[in-house]
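Asker: Please read through the structure below; I'll follow up with questions.
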Amino acid sequence: MIRLFAGIEFPENIKDQLYALRGGVPGAVWTERENLHITLRFIGNIDEDDAGYLHDGLLQIQAPAFSLAMTQVGFFATGSQMRHLWAGVSYYQPLDFLHDKIESVVNRHGLGADKHKFHAHATLAKLYGTTAEDVQKFIEYNNLFRSEEFCVDHFTLFSSHPRTDGDGSYYRVEAQYPLFGYYG
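Quick note, the sequence shown lines up with residues 0 to 183 if you use numbering that gives the first Met the number 0.
Right, dumping it as structure tokens:
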């Protein structure tokens, strides 16, 4: 079995800009710099044969390259429990188009529908015992955040592996899929 997700890798300068947002939030466990990415579709644990079929399907995707900038910060919560801080993008048609193409391939291969509405973001931190007030301070302090634009000319299939020290996961690039032409 292999644990997979499709995503967008950030260039080094964008990782630097996102990494600079760290700090000042009690109970935050910040995402390691090398793990910063936008998840397009979490696939989960699948066997090697299904991974091969998925790869073949992803190779068939035709979508244009596009420019993107991270334009906002926010949080996810369950009720009053703060769960994650994120940096994200507002609705952007080329990104949603790419997501929909990937979703179609995953569903066609019987790997399960995504139960969550797509919200393009990079997880900055997982939150443990963080108050709504602490999150609000972070949001207010970073409300003008906007990264530089960067070109998205491919998407990536990542595998996720637990670290040997038990401290989170690391991601390995399994394949990259080029985007053709240019949107805009």
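The C-beta atom is built at its ideal place from N, Cα and C for all residues, glycine as well. None of the values given here were measured: they were computed from a predicted structure.
Let's see if you can read the secondary structure: which residues bound the beta strand (DSSP E) around residue 103?
Answerer: It is not in any beta strand (DSSP E) - residue 103 instead sits in the alpha helix (DSSP H) that spans 92-107.
Asker: Please find out if some non-hydrogen atom of the ligand NAD comes closer than 6 Å to the beta-carbon of residue 32.
Answerer: As presented, the structure is devoid of all ligands, the ligand NAD included, so that no description of it is given.
Asker: What alpha helix (DSSP H) runs, 4 residues minimum, are completely inside the region 40-81?
Answerer: You should have 47-58.
Asker: CB residue 5 to CB residue 156, shorter than 7 Å?
Answerer: A contact, by the Cβ cut-off of 7 Å.
Asker: Can you tell me the Cα-Cα spacing of residue 240 and residue 112, whole angstroms?
Answerer: As displayed, the chain neither begins before 0 nor continues past 183, which places residue 240 out of reach and without an answer.
Asker: With H, G and I counted as helix, E and B as strand and the rest as coil, what does DSSP make of residue 8?
Answerer: Looking at residue 8 - three-state DSSP - the assignment turns out to be strand.
Asker: Quick check: the Cα distance between residue 62 and residue 172, rounded to an integer number of angstroms?
Answerer: Cα to Cα, residue 62 sits roughly 20 Å from residue 172.
Asker: So is residue 131 buried or exposed if we call it buried at 16+ other beta carbons inside 10 Å?
Answerer: When all chains shown are included, residue 131 counts as exposed.
Asker: Quick one, which of 94, 84, 176, 159 has its alpha-carbon nearest residue 45's?
Answerer: Checked all of 94, 84, 176, 159; the closest Cα to residue 45 is 159.
Asker: Pick helix, strand or coil for residue 131, following the three-state DSSP scheme.
Answerer: Here residue 131 sits in helix by DSSP.
Asker: What residue from 120, 164, 108, 151 has the CA that sits closest to residue 71's CA?
Answerer: Here the closest residue by C-alpha is 120.
Asker: DSSP three-state call for residue 123: helix, strand or coil?
Answerer: Of the three classes helix, strand and coil, the one that applies to residue 123 here is strand, per DSSP.
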